[in-house]
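Here the protein sequences come in this chain order: U and W. The first sequence: position 54 = 501 (our numbering), numbered continuously. The second sequence: position 285 = 655 (our numbering), numbered continuously.
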Amino acid sequence: MTFLRETWVVFWRQLRIALRNPAWVIIGLMQPILYLVLFGPLLEPLAAQLGAANAYTIFVPGLLVQLGLFGALFAGFGLIAEWRAGVIEAERVTPASRTALLLGRILRDVVQLVVQGVVLISLGFVFGLRASVPGMLYGLLLTVLLGAACAAASNALALTTKSEDVMAPLLNSIAMPVLLLSGILLPMSLGPQWLQTLSDFIPTKSVVEGIRAVFVGDFGQPALWGTIWAVVIFVVFVFLGQRTFRKENA
Amino acid sequence: MIHARGLARSFQARKGREKVEVKAVAGVDLDVEKGEIVGFLGPNGAGKTTTLRMLTTLLTPTAGTATVAGFDVATQAADVRRNIGYVSQSGSTSPEALAGEEVVDHGRLYGISKAQAEKRGRELFDQLDLEGLWTRKPGAMSGGQRRRLDIAMGLVHDPTLVFLDEPTTGLDPQARANLWEHISALRTERDATVFLTTHYLDEADALCDRILVIDHGEIVASDTPEALKRQIAGDLIELTVADGAQVGAAATALAALVPGSSADIDGRTASLRVPRAGTELAGLLRELDRQKVALDSIEVRRPTLDDVFLTVTGRSLREDA
């Protein structure tokens, strides 16, 4: 009970500060819109070749995962600024649970992600997305799990490195191959065999494929694997994140 | 309020390929009683911050024990945290938040209800001369206001013991003097015990009942500012003669005041520490007059905490600070 209350206090404080920053709100909403408007039309003629009746059932799930990965992966930068301002230390001398300090922050990123996801799906509908409603909701849920994991990882990394100069190249070097090999923008099945094999080692590919499957109402094996990987990634990174936050001198 | 025995912290560091153990704090014994204002002095790197972080549960000691506000820092950290306030030197608020909201949220992390935290916060804003700044962003406040806001953050849960880490560093003289009043008021008005670190000797002198000096990870002195200053063998008398040829005579007259001593000579100036300058000065002047030694100036300096520091640590506080 105390734990939930502490998480809520941290979450609400974070959200309030973020909402007061118009840049945060505008950029957050513009991201999905720009992708959909500027990249979506390029994919439409390819739909048949990709074996899909509706190009947006391939494209929107990819964008969802991209939002989840990238928005959240860079959340840690805010934490470094907070650490520098002494906020983290001030929170750590209170009796509040250290895990709550992390979860409150992750929750803010999850809310951001859900709003972005809903904007993306709604706008996708305007552009011509026709997909299974339970599938879309389920896809959003998997995205949230992935986003929460990335936010946890990013915050933990920020608390460990305490330096934007270390974080930025590190995150980019992780994010680039993950983005390219997950088949976020184009399905990996378009690529040569070696590239497909390589991408099999990237668990987020399974999540992307899982979300694509549920979007067309297929809750079969790809959806199952996508779910398993999303849960595994979520559990591992949130565990690692809270361990970093509980560590002394962090 | 604070009782530490053999409190120590060492870090693993790498020296080339070898792992070496660096002792940041070698073993500190200290006691602070209820109602005291204690100053914790030391040059940078002496172990001040590490000790403070151990006492405020931010760092676990590698050896020794400490009870703070009646609880053990290692095994009852949450209870310690509930009973202490900590004002760190790096600040405590986000520049983009609103000052009042930061105080309320901070109070709520201590388990205080929102209404209660807001009430306490408003009181503190009044007491700390922050009226009208409730909805101001900390980023738009002056250094002194922000420091007082940090203090409000540290007091929102009514702690009985307050730790202040270099509270006036970076403030202008007026803001410092103003903050000193607020720190003194912590005891007189709130009955709180105060433990503060500083590297300003005048600050320690003006505020503290007692001073602890830490150097190389150990407490090297602990007493009232007055007693510490008395440890230095008395007052310094400096005689500057008008004619350089007479400096020897002046030195001899000075040395005669303390059997077996000899005065230091530097150019036209002879100086010596005597136990109490007040009782010696009249006789000294009569003697100099009898010998027709003409003086340019005579100066008597009471020992300062800087002298104390130099004596107990072998270096001046300002060198490293």
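Ideal Cβ placement from N, Cα and C applies to all residues, glycine included.
Query raised in the report: Taking buried to mean at least 16 other C-beta atoms within 10 Å of its own C-beta, is residue 690 of chain W buried or exposed?
Result: In this prediction, residue 690 of chain W scores a pLDDT of 45, lower than 50, which makes its location untrustworthy; the coordinate-derived value is nonetheless stated afterwards. Flag for residue 690 of chain W reads exposed.
Report task. State the beta-bridge partners of residue 378 of chain W as determined by DSSP. Result -> W:433.
Query raised in the report: Rounded C-beta distance between residue 561 of chain U and residue 591 of chain U? I'm assuming under 8 Å.
Result: So it is a contact: roughly 6 Å between Cβ atoms.
Report task. Closer than 6 Å by C-beta to residue 454 of chain U: which residues in its own chain qualify, once you throw out the five before and the five after it? Chain order, please. Result -> Only 547, 550, 551 meet the Cβ criterion.
**Report entry** DSSP three-state assignment for residue 389 of chain W, whether helix, strand or coil
**Finding:** Strand at residue 389 of chain W.
Query raised in the report: By Cβ distance below 6 Å, which residues in the same chain neighbour residue 579 of chain W in space, the five residues on each side in sequence not counted?
Result: Counting only Cβ-Cβ distances below 6 Å, and skipping sequence neighbours, we find 406, 407.
Requested in this report: Kindly say whether residue 464 of chain U, judged by its beta-carbon, lies nearer than 8 Å to any beta-carbon of chain W.
Outcome: Output row for residue 464 of chain U: interface = yes.
Query raised in the report: Any C-beta of chain W sitting closer than 8 Å to the C-beta of residue 611 of chain U?
Result: Interface criterion not met: the Cβ of residue 611 of chain U is under 8 Å from no Cβ in chain W.
Query - residue 624 of chain W, DSSP secondary structure in three states - result: The answer is helix: DSSP assigns residue 624 of chain W an H, G or I state.
Report task. Give the residues of chain U in contact with residue 479 of chain W, contact being defined as C-beta atoms less than 7 Å apart. Result -> Residues of chain U passing the Cβ test: 453, 456, 538, 541, 543.
Requested in this report: Using three-state DSSP, classify residue 466 of chain W as helix, strand or coil.
Outcome: Of the three classes helix, strand and coil, the one that applies to residue 466 of chain W here is coil, per DSSP.
Query raised in the report: Are residue 564 of chain W and residue 534 of chain W close, meaning C-beta to C-beta below 8 Å?
Result: Result yes, Cβ atoms of residue 564 of chain W and residue 534 of chain W sit closer than 8 Å.
Query raised in the report: Do three or more CB pairs link the stretch 494 to 507 of chain W to the stretch 450 to 460 of chain W at distances below 8 Å?
Result: Contact between the stretch 494 to 507 of chain W and the stretch 450 to 460 of chain W is absent: fewer than three C-beta pairs spanning the two stretches fall below 8 Å.
Query raised in the report: Is residue 587 of chain W closer than 8 Å to residue 395 of chain W when the C-beta atoms are compared?
Result: For the 8 Å CB-CB criterion, residue 395 of chain W and residue 587 of chain W form a contact.
Report task. With 7 Å as the limit, tell me which residues of the stretch 519 to 534 of chain W have their beta carbon closer than that to any beta carbon of chain U; keep them in chain order. Result -> Result list: 523.
Query raised in the report: Quick one: does residue 546 of chain U have its CB under 8 Å from some CB of chain W?
Result: So, not an interface residue.
Query raised in the report: Between the C-alpha atoms of residue 525 of chain U and residue 555 of chain U, what's the straight-line distance to the nearest angstrom?
Result: Each residue's CA atom was taken as its position, placing residue 525 of chain U and residue 555 of chain U some 12 Å apart.
**Report entry** Nearest candidate by alpha-carbon position, reference residue 463 of chain U, set W:666, W:570, W:621, W:466
**Finding:** Of W:666, W:570, W:621, W:466, the smallest CA-CA separation from residue 463 of chain U is found for W:466.
Requested in this report: Measure from the C-beta of residue 569 of chain W to each C-beta in chain U and report whether the shortest distance is under 8 Å.
Outcome: Residue-level contact check: residue 569 of chain W does not touch chain U, since none of the beta carbons of chain U fall below 8 Å from its beta carbon.
Query raised in the report: So residue 559 of chain U and residue 518 of chain U are in contact, right, with Cβ under 8 Å, and what is the actual spacing, rounded?
Result: Cβ atoms of residue 559 of chain U and residue 518 of chain U come within 8 Å of each other, at about 6 Å.
Requested in this report: Residues of the stretch 510 to 536 of chain U with a CB closer than 7 Å to any CB of chain W: list them in chain order, please.
Outcome: Within the stretch 510 to 536 of chain U, the residues whose Cβ lies closer than 7 Å to some Cβ of chain W are 529, 532, 533, 534, 536, listed in chain order.
Report task. Spell out the partners DSSP gives residue 373 of chain W in its beta bridges. Result -> In the DSSP secondary-structure assignment, residue 373 of chain W is bridged to W:401, W:437.
Report task. Output, in chain order, the set of chain W residues within a Cβ distance shorter than 8 Å of residue 468 of chain U. Result -> Near residue 468 of chain U (Cβ distances below 8 Å), the residues of chain W are 466.
Query raised in the report: What runs of the alpha helix (DSSP H), each 4 residues or longer, lie entirely inside the stretch 542 to 598 of chain W?
Result: If you keep only unbroken alpha helix (DSSP H) runs of at least 4 residues inside the stretch 542 to 598 of chain W, you get 543 to 560, 571 to 577.
Query raised in the report: In whole angstroms, what separates the C-alpha of residue 697 of chain U from that of residue 452 of chain U?
Result: With a pLDDT of 48 at residue 697 of chain U, under the threshold of 50, the modelled position of that residue is not reliable, and the figure given next carries that caveat. Here the alpha carbons of residue 452 of chain U and residue 697 of chain U stand approximately 23 Å from one another.
Requested in this report: Return the first residue and the last residue of the alpha helix (DSSP H) that residue 523 of chain U is part of.
Outcome: Counting along the chain, the alpha helix (DSSP H) containing residue 523 of chain U begins and ends at 523 to 531.
Report task. Give the range of the beta strand (DSSP E) segment to which residue 410 of chain W is assigned. Result -> Run containing residue 410 of chain W: 407 to 411, per the beta strand (DSSP E) assignment.
Requested in this report: May I ask you to list the residues that DSSP assigns as paired with residue 644 of chain W?
Outcome: DSSP lists W:605 as the beta-bridge partner residues of residue 644 of chain W.
Requested in this report: For residue 449 of chain U, return the contacting residues in chain W, with the cut-off set at a CB-CB distance below 9 Å.
Outcome: Result: 481.
Query - Alpha-carbon to alpha-carbon, residue 509 of chain W and residue 476 of chain U - result: Their backbone Cα atoms lie some 26 Å apart in a straight line.
Query - Candidates W:606, W:410, W:544, of which the one nearest residue 425 of chain W by Cα - result: Closest option to residue 425 of chain W, Cα to Cα, is W:410.
Query raised in the report: How many angstroms separate the CA atom of residue 487 of chain U from the CA atom of residue 479 of chain U?
Result: Whole-angstrom Cα-Cα distance: 11 Å.
Query raised in the report: Within the 8 Å Cβ cut-off, does residue 708 of chain U reach chain W?
Result: Outside the displayed range of chain U (448 to 697) lies residue 708 of chain U, so it cannot be described from this structure.
Report task. Pull up the distance between the alpha-carbon of residue 648 of chain U and that of residue 533 of chain U, whole angstroms please. Result -> One Cα belongs to residue 648 of chain U, the other to residue 533 of chain U, and the distance between them is close to 40 Å.
Query raised in the report: Enumerated in chain order, which unbroken segments of the alpha helix (DSSP H) with a length of 4 residues or greater are wholly contained in the stretch 547 to 624 of chain U?
Result: Counting only runs of 4 or more, we get 580 to 608.
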